[in-house]
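Asker: Handing you a structure now.
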Amino acid sequence: DWIMGDYIEEAVAKIREQVGDEEVILGLSGGVDSSVAAALIHRAIGDQLTCVFVDHGLLRLNEGDMVMDMFEGKLHAKVVRVDASELFLGELAGVTDPEQKRKIIGRLFVDVFKSEAAKLKAATAGSKGATFLAQGTIYPDVIESGGAKSKKAVTIKSHHNVGGLPEQLGLKLLEPLRDLFKDEVRELGVALGLPRGMVYRHPFPGPGLGVRILGEVKKEYADLLRRADAIFIEELNNWIDEKSGKSWYDLTSQAFTVFLPVKSVGVMGDGRTYDYVVALRAVQTSDFMTADWAELPYGLLKRVSNRIINEVRGINRVTYDVSSKPPATIEWE
Ligand code: XMP
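Numbering (UniProt numbering), first residue to last: 206 to 538.
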C-alpha cells in the first residue's frame, strides 16, 4: 500500500547510502525475518548482496527448493546453497542429550557460514569481498538481548542464533529491520512481493528437526518426520473453521510433528506392524512465553492420523500433545 511504498523507498535509500559500492552477505534461513531482510536489501543493492543458505539436513519437506525457487528463481538474487546435511548428521550421530544437540548444531552452523564467507572472498580475487553481514534482527530481538532475558538464572534451552558472528568474521552489521515489529516485517514482506505463505508461516526453530526428533537424530527419522509433518500442515491449511472463515493453520500460532523413537504394535490388513510413533503439537499463544494446546477439531485430527498412518510406512501410531506451556515447552527438546 501507499504508506508501505514510502517506507520501502526510504529504507532502500538508507541501505544504499550505508553500503555504498561494498558487498554484503546474508544468512538466509527461509524464516520470515531473514527472507524479508534479503528481499529488501536485494531491492536496494541487487547483486552486491549474496545470500548464503545453509541446509543442515533438518529442514522441512522441500524447504530448500522452495527457498531457492523464491530467491534465485523469482527475485533473481545471488544465493549460495550449501548442502551441509552430511556434516550435521555425522556430528550428531550418537548424541542424545538435547542441550548437546543444540550446541553442536549452533557451532556447525557458524563454522559452515564462516567457511562459505571465506570461499566467497577468495572467489572474488582483487576485490575486498563482503564487508557487511546482513541480519534479519527485528525490534523484539533488540530488546530481548539487552533486557531481562539474559539475566535469567536458568537456561531452559540454549538458543541457536548467529550472535557474535559479525565480530568473528570482522564484518560490519547491516540490520534494516531493527526498528520493526513482527507484524510490520510481515507487511513489508508482502509489499516486497514475497508470497503470503512465506510471510505468515509459523516460526521454525534454528536447530530445525534436530529438536523435533527426540534423542539421537538419524536421516531415516528425519525423512519419516518430514513426510508426516507435511501432511499435518497441509491438512491444517485445508481445514477451514466455519465461524471465523480461517484455516486451522492461521488459527494456531505454531503446529508441527514430533518424532518419537519408540515402536509400538499395530495391525494393518491381516498383518502385524511394529513401527514408530509421532506426536502432533499445535499451540495458540501471543508471545510464545506461555501457550495453550489448540483444541483442534476431532475431524481434522482423525484425517491427519489416517493419512499419516496410511501414507507414511514406518509410522503406525499418531498421538496428540495436550500439554500447555508452562509446564511443558512448545518444542519437545
Ligand atoms: P519453547 O520450546 O522454548 O519455544 O517453548 C518457544 C519458541 O521458540 C522457538 N525455538 C527456537 N527458535 N532457535 C530459534 O530460533 C532455537 O534454538 C529455538 N528453540 C525454540 C520455538 O519453536 C517456539 O516458537
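Virtual Cβ for every residue (Gly too), placed ideally from N, Cα, C.
Rounded to a whole number of angstroms, what is the C-alpha to C-alpha distance between K354 and E538?
Answerer: In the sequence shown, counting from the first residue as 1, residue 354 sits at position 149. In the sequence shown, counting from the first residue as 1, residue 538 sits at position 333. Residue placement at K354 is poorly supported in this model, since its pLDDT is 49, which falls under 50; the coordinates still yield a value, given next. Straight-line Cα distance between these residues: approximately 19 Å.
Asker: Report yes if the C-beta of E228 is less than 7 Å from at least one heavy atom of the ligand XMP; otherwise report no.
Answerer: Within the sequence shown, numbered from 1, the residue matching residue 228 stands at position 23. Checking the 7 Å criterion, the Cβ of E228 is out of range of every heavy atom belonging to the ligand XMP.
Asker: Under the rule that 16 or more other beta-carbon atoms within 10 Å means buried, what is S239, buried or exposed?
Answerer: Here residue 239 refers to the residue found at position 34 when the sequence shown is read from its first residue. So S239 counts as buried.
Asker: Where do the ends of the beta strand (DSSP E) carrying P466 lie?
Answerer: Walking along the sequence shown from the start, residue 466 turns up at place 261. It spans Q459 to M473 - the beta strand (DSSP E) in which P466 sits, taken as one unbroken run.
Asker: Do D309 and V300 have their C-beta atoms within less than 8 Å of each other?
Answerer: Residue mapping note: residue 309 aligns to position 104 of the sequence shown, counting from 1. Residue mapping note: residue 300 aligns to position 95 of the sequence shown, counting from 1. It should be noted that the sequence gives Ile, not Asp, for residue 309. V300 is positioned such that its CB atom lies closer than 8 Å to that of I309.
Asker: Taking only three categories from DSSP, how would you classify K448?
Answerer: For the purposes of this step, residue 448 is identified with residue 243 of the sequence shown, where counting begins at 1. K448 falls in the coil class under three-state DSSP.
Asker: Note the first and the last residue of the continuous alpha helix (DSSP H) segment covering N443.
Answerer: Mapped onto the sequence shown, residue 443 falls at position 238. Looking at the DSSP string, the run of the alpha helix (DSSP H) that includes N443 is K424 to N443.
Asker: Taking the beta carbon of P532 as the centre, do at least 16 other beta carbons fall within 10 Å, making it buried, or is it exposed?
Answerer: Here the question's residue 532 lines up with position 327 in the sequence shown. Exposed, by the Cβ-count rule.
Asker: Nearest CA to the CA of R286: which residue from G210, A339, E268 and R432?
Answerer: Here residue 286 refers to the residue found at position 81 when the sequence shown is read from its first residue. That would be E268, whose Cα lies nearest to the Cα of R286.
Asker: I need the DSSP call for L338, collapsed to helix, strand or coil.
Answerer: Here residue 338 refers to the residue found at position 133 of the sequence shown. When DSSP states are grouped into helix, strand and coil, L338 belongs to the strand group.
Asker: Report the start-end ranges of each alpha helix (DSSP H) in the region 355 to 424 that is 4 residues or longer and not cut off at the edges.
Answerer: 370 to 374, 387 to 396 and 401 to 404
Asker: What are the boundary residues of the alpha helix (DSSP H) that Q305 is part of?
Answerer: Here residue 305 refers to the residue found at position 100 of the sequence shown. Following the DSSP letters along the chain, one finds Q305 inside the alpha helix (DSSP H) bounded by residues P303 to A328.
Asker: When the Cα of D302 is compared with those of S363, L254, T342 and C256, which residue comes out closest?
Answerer: Counting from one through the sequence shown, the residue named residue 302 turns up at place 97. Among S363, L254, T342 and C256, the Cα nearest to that of D302 belongs to S363.
Asker: Got a sec, what are the start and stop residues for the beta strand (DSSP E) A487 sits in?
Answerer: By 1-based counting over the sequence shown, the position of residue 487 is 282. Where A487 is concerned, the enclosing beta strand (DSSP E) stretches over G476 to Q489.
Asker: I520 bridges to which residues according to DSSP?
Answerer: Within the sequence shown, numbered from 1, the residue matching residue 520 stands at position 315. In DSSP, I520 forms a bridge with Y481.
Asker: Would a C-beta distance cut-off of 8 Å place I250 and V284 closer than the cut-off?
Answerer: Residue mapping note: residue 250 aligns to position 45 of the sequence shown, counting from 1. Residue mapping note: residue 284 aligns to position 79 of the sequence shown, counting from 1. Cβ atoms of I250 and V284: not closer than 8 Å.
Asker: Who are V217's beta bridge partners in DSSP?
Answerer: Locating residue 217 in the sequence shown gives position 12, where the first residue counts as 1. According to DSSP, V217 bridges with nothing at all.
Asker: Could you compute how far the alpha carbon of S350 sits from the alpha carbon of I535?
Answerer: Taking the sequence shown and counting its residues from 1, one reaches residue 350 at position 145. Taking the sequence shown and counting its residues from 1, one reaches residue 535 at position 330. Going by the C-alpha atoms only, they are around 21 Å apart.
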